[in-house]
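Numbering (UniProt numbering), first residue to last: 1 to 214.
Input: a single structure, listed below in structure tokens.
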Ligand SMILES: C[S@@+](CC[C@H](N)C(=O)[O-])C[C@H]1O[C@@H](n2cnc3c(N)ncnc32)[C@H](O)[C@@H]1O
């Protein structure tokens with residue numbers, strides 16, 4: 001079992017401003033642990049976490065990739081999360097470049113078709129639409145109608161960002177209609193699978209994996 005990244009530099013009060021790793025984060029780590037051989041074989045040249053929050057997942061994936069020369073990129077819309085990710089990378093002796101931006105703005109078009117590994121634990125909670133689009137901690141969960149507003153905005157970019165061998169992982173809950181998401185991605189040329197699923201309180205969490213069909 002791979003150890004959870006060291007987050008001891010983040011204090012209780014930091015989690016008033018950034019997302020504190022929770023069941024969804026830990027299910028994501030479990031899924032990546034299942035995927036260790038696949039990821040090592042993939043040997044990504046560039047990885048990208050969208051919405052890195054504390055940086056916990058990127059640090060975990062960074063440890064899996066080990067000494068490879070992978071360029072590890074992250075984005076987050078919340079400036080405090082961007083700073084936290086930077087701190088987590090340092091705390092875990094990893095080199096990570098973090099961009100404070102909306103989704104992947106600033107990454108496209110330059111890195112279009114070049115990302116081998118991409119992952120996103122998005123804001124998936126069902127909320128009124130007006131709550132979507134904050135730059136502070138609410139951005140961590142506010143997903144709007146069906147918890148799909150940020151997910152739906154992001155989906156069209158996946159095919160533009162991923163390299164031919166690229167893979168994308170995403171956390172969703174039942175209310176986000178995972179089958180519908182998989183169908184949309186199928187139309188975009190991706191086959192999908194469920195790497196992990198877990199009941200966490202009232203939430204049924206899924207970790208979806210997408211790879212190109214051809
Ligand atoms: C559920 S939290 C996940 C945080 C971390 N990756 C984890 O798994 O613990 C979602 C993260 O996405 C970020 N986020 C939300 N909307 C975003 C957007 N439009 N662009 C970039 N990041 C966004 C939030 O600030 C938050 O850090």
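Don't be surprised by glycine CBs; every beta carbon is placed ideally from N, CA and C.
> On the three-pair Cβ rule with 8 Å, is the stretch 157-167 touching the stretch 116-123?
Replying inline: yes
>> I'd like the span of the beta strand (DSSP E) that includes residue 116, first residue to last.
In response: 115-120
> Three-state secondary structure (DSSP) at residue 67?
Replying inline: coil
> Per DSSP, residue 103 forms a beta bridge with which residues?
Replying inline: Partner(s): none; residue 103 has no beta bridge.
>> Am I right that residue 81 and residue 53 are in contact with their C-beta atoms under 8 Å? What's the rounded C-beta distance?
In response: 5 Å
> Among 5, 9 and 45, which has the Cα closest to the Cα of residue 33?
Replying inline: 5
> Assuming residue 28 and residue 57 make a contact with CB atoms under 8 Å, what is their CB distance in whole Å?
Replying inline: 5 Å
>> Would you say the beta carbon of residue 145 is closer than 7 Å to some non-hydrogen atom of ligand 1?
In response: no
>> Could you compute how far the alpha carbon of residue 127 sits from the alpha carbon of residue 41?
In response: 39 Å
> With DSSP run on the structure shown, which of helix, strand or coil describes residue 42?
Replying inline: helix
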